[in-house]
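S.K.:
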Amino acid sequence: MKYVISTVLGIAVFILSACNGNSEKKNSSAETHTDTTAHANHTASTEPTIPGLFGQYGKLVSALSSDDDKEAVFAAQGLVKTLYSLDTTRFSAEQLKAYKDISASIEENGVHIAANLGNIHHQREHLVMLGEDFYDLAKSFDLGKPVYKIACPKFNDGKGAFWLSETKEIKNPYYGAKMQGCGSVTETIAKN
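So the sequence shown is numbered by my numbering: it starts at 107 and just counts up by one.
#1: If we count Cβ pairs, one from each stretch, closer than 8 Å, do we get three or more for the region 244-251 versus the region 191-209?
#2: Select from V167, L189, Q183 and G184 the residue whose C-alpha is nearest the C-alpha of I156.
#3: Quick check on the burial criterion: 16 or more other C-beta atoms within 10 angstroms. Buried or exposed for A296?
#4: Taking C-beta to C-beta, are Q294 and F268 nearer than 8 Å?
#5: Does T292 come out as helix, strand or coil in the three-state DSSP assignment?
#6: Any chance you could list the alpha helix (DSSP H) runs of at least 4 consecutive residues sitting entirely within the region 219-293, in chain order?
#7: With 16 as the cutoff for other CB atoms within 10 Å, does S198 come out buried or exposed?
#8: Please report the Cβ distance between V234 and V186, rounded to the nearest whole angstrom; I am assuming they are in contact, meaning their Cβ atoms lie under 8 Å.
#9: Express the C-alpha separation of T195 and G161 in angstroms, rounding to a whole number.
#10: Find out if the Cβ-Cβ distance for the pair A220, A182 is shorter than 8 Å.
#11: Return the chain-ordered list of same chain residues with a C-beta closer than 7 Å to the C-beta of A257, the five sequence neighbours on each side being excluded.
#12: Look up K297 in the DSSP assignment and say whether it is helix, strand or coil.
#13: Under the three-state reduction of DSSP, which class applies to L192: helix, strand or coil?
#14: For D173, which of helix, strand or coil comes out of DSSP?
#15: Based on Cα-Cα distance, which residue from P154, K277 and E272 lies nearest to S191?
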C-alpha cells in the first residue's frame, strides 16, 4: 500500500512539474536541448518522437507479456514522460489533430498502469485502450518501419483485444505465460 501511495504521489509530482515546466519557455536553444536531452535520458533510450513513444509502448507490452507488473509500472512512467516531452511543432495539421485527439487518453491510461503495481489485470485492461490509441497514431504517423496489429480473441470477456508489435512474434501481453502464444497478426501498418 505504501508503494502504491508513493507511486501515485510521484506521478502527481511529475505531472505538476511537467505542467509548470511547459509554462516557462526557455530563451536559449542550447538550454532547451540540454533540458530535453536530460529528460530523454530519464526514459532510458527513447527520444521525444512518435517512434520513441512507440518504443515505450513496446516496453510496456513486453513487461505485461512477461507477467511483470513492476516493470509495467516503469514502462508506463517512461511512456508518460515521453508523451510530455514530445515536440509537436513539426506535426502536420492532420497529425496534430490525431495526436491531440488521443494524447489525453494515452496519458490517463499510462498513469493508471503506473499506479497499479500488484494489479496486473487492471494494467492489462488499460493496455486495451492504449492499443487503440497507438493504432490510431500508427495510422497517422510514419514510424520508419512496419508495425503489426496482433489480436487476441479471448481477452476482455471474449470480446477480444489487440496490441501492436514491431515483430510478428506472438507474445501475448493480456495473458502472459498462461497463454503466451494466443493471438494472430491481423494487419501490417506501414505508412509511407
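Glycine included, each C-beta is placed from N, C-alpha and C at the ideal position. Keep in mind it's a predicted model, so treat the numbers as computed, not measured.
M.R.: Per the coordinate set shown:
#1: The way I'd put it, the region 244-251 does touch the region 191-209; three or more beta-carbon pairs between them come closer than 8 Å.
#2: L189
#3: exposed
#4: A small correction: the amino acid at residue 294 is Thr; Gln does not occupy that position in the sequence shown. No, the pair does not count as a contact, with Cβ atoms beyond the cut-off.
#5: strand
#6: 226-246
#7: exposed
#8: About 18 Å separates the two Cβ atoms, so there is no contact after all.
#9: 21 Å
#10: yes
#11: Closer than 7 Å at the Cβ level, and outside the excluded window around A257, lie G266, F268, G289, S290 and T292.
#12: coil
#13: coil
#14: coil
#15: Measuring C-alpha to C-alpha distances from S191 to each of P154, K277 and E272 identifies P154 as the nearest.
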